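The block underneath contains the structure these notes are about, expressed in structure tokens.
Residue numbers (our numbering): 4 to 210.
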């Protein structure tokens with residue numbers, strides 16, 4: 004099982020933390036609001052601990068569960084405290100109308116994170132194509148992208164511990180297209196599917 008630190012105390016932090024505990028992983032919660040982080044750790048149970056914001060996370064895998072515009076500044080604030088860690092960006096940089104990306108270049112939040120991390124840290128994009136309540140109640144496919152094969156293998160093993168299937172889409176530059184897939188899920192929710200009770204996945208033909 005994996006040692007996980009979650010930066011953030013919102014709904015995705017709660018959902019991933021709860022599934023991580025159920026999957027037998029160790030979990031640490033870190034939040035700017037220390038009492039809120041303490042409350043979340045207590046609610047998650049299972050030996051969940053709290054860490055001090057900005058200090059070295061206890062987990063080998065650090066899941067950044069923040070709104071997209073707070074991700075890179077937070078990584079920069081943590082600085083060398085993230086050395087040697089696998090950092091997982093789960094954010095979706097939607098524009099104000101939720102039909103495009105907030106950044107205009109062919110980049111991604113994960114790629115911008117990779118520019119800010121200290122030496123020895125690796126960045127993986129994952130979880131951004133799954134709505135929170137599907138992550139909470141279902142067993143969706145989870146797409147991931149990254150340049151470090153070992154880091155992706157570690158995140159893949161963590162995803163499997165949640166009862167889900169990790170699917171590698173390639174290098175970190177593919178995070179841009181995963182963020183685009185996040186936009187597609189919102190379009191499907193508003194139009195073709197008409198609800199949030201689904202996740203993108205892969206159907207394989209029988210051999």
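Cβ coordinates follow ideal geometry from the N, Cα and C atoms, glycine included. Bear in mind that the values here come from a model prediction, so they are computed numbers and not experimental data.
Proximity below 8 Å, CB of residue i to CB of residue j
i, j, result
"residue 11", "residue 69", "yes"
"residue 119", "residue 78", "yes"
"residue 9", "residue 48", "no"
"residue 93", "residue 5", "no"
"residue 54", "residue 61", "yes"
"residue 144", "residue 90", "no"
"residue 192", "residue 137", "no"
Bridge-paired residues (DSSP) for residue i
i, result
"residue 170", "146"
"residue 64", "7 and 89"
"residue 134", "Answer is none; residue 134 lacks a bridge partner."
"residue 202", "133"
"residue 104", "97"
Spatially closest choice to residue i from the options, by CA coordinates
i, options, result
"residue 32", "67, 94, 77 and 25", "67"
"residue 128", "143, 97, 140 and 111", "111"
"residue 131", "7, 96 and 44", "96"
"residue 156", "126, 178, 196 and 137", "126"
"residue 175", "152, 88, 191 and 98", "152"
"residue 104", "189, 57, 16 and 197", "189"
"residue 117", "42, 98 and 88", "88"
Cα-Cα separation between residue i and residue j, rounded to whole angstroms
i, j, result
"residue 122", "residue 185", "29 Å"
"residue 14", "residue 40", "12 Å"
"residue 170", "residue 38", "36 Å"
"residue 168", "residue 147", "10 Å"
"residue 18", "residue 209", "33 Å"
"residue 187", "residue 158", "24 Å"
"residue 30", "residue 134", "21 Å"
"residue 160", "residue 149", "15 Å"
"residue 142", "residue 34", "27 Å"
"residue 182", "residue 173", "14 Å"
"residue 101", "residue 72", "15 Å"
"residue 164", "residue 52", "19 Å"
"residue 44", "residue 22", "13 Å"
"residue 28", "residue 139", "16 Å"
"residue 80", "residue 124", "15 Å"
"residue 107", "residue 177", "16 Å"
"residue 179", "residue 7", "25 Å"
"residue 115", "residue 76", "10 Å"
"residue 83", "residue 26", "29 Å"
"residue 195", "residue 162", "28 Å"
"residue 200", "residue 74", "27 Å"
"residue 197", "residue 99", "20 Å"
"residue 46", "residue 20", "10 Å"
Run of the alpha helix (DSSP H) containing residue i, from where it starts to where it stops
i, result
"residue 126", "From DSSP, residue 126 is part of no alpha helix (DSSP H) but of the beta strand (DSSP E) over 125 to 129."
"residue 24", "14 to 25"
"residue 161", "152 to 164"
"residue 179", "178 to 193"
"residue 73", "71 to 81"
Where the beta strand (DSSP E) containing residue i begins and where it ends
i, result
"residue 54", "52 to 54"
"residue 30", "29 to 33"
beta-carbon residue i near the ligand FAD non-hydrogen atom, thresh 7 Å
i, result
"residue 37", "Among the components modelled here there is no ligand, and therefore nothing to report on the ligand FAD."
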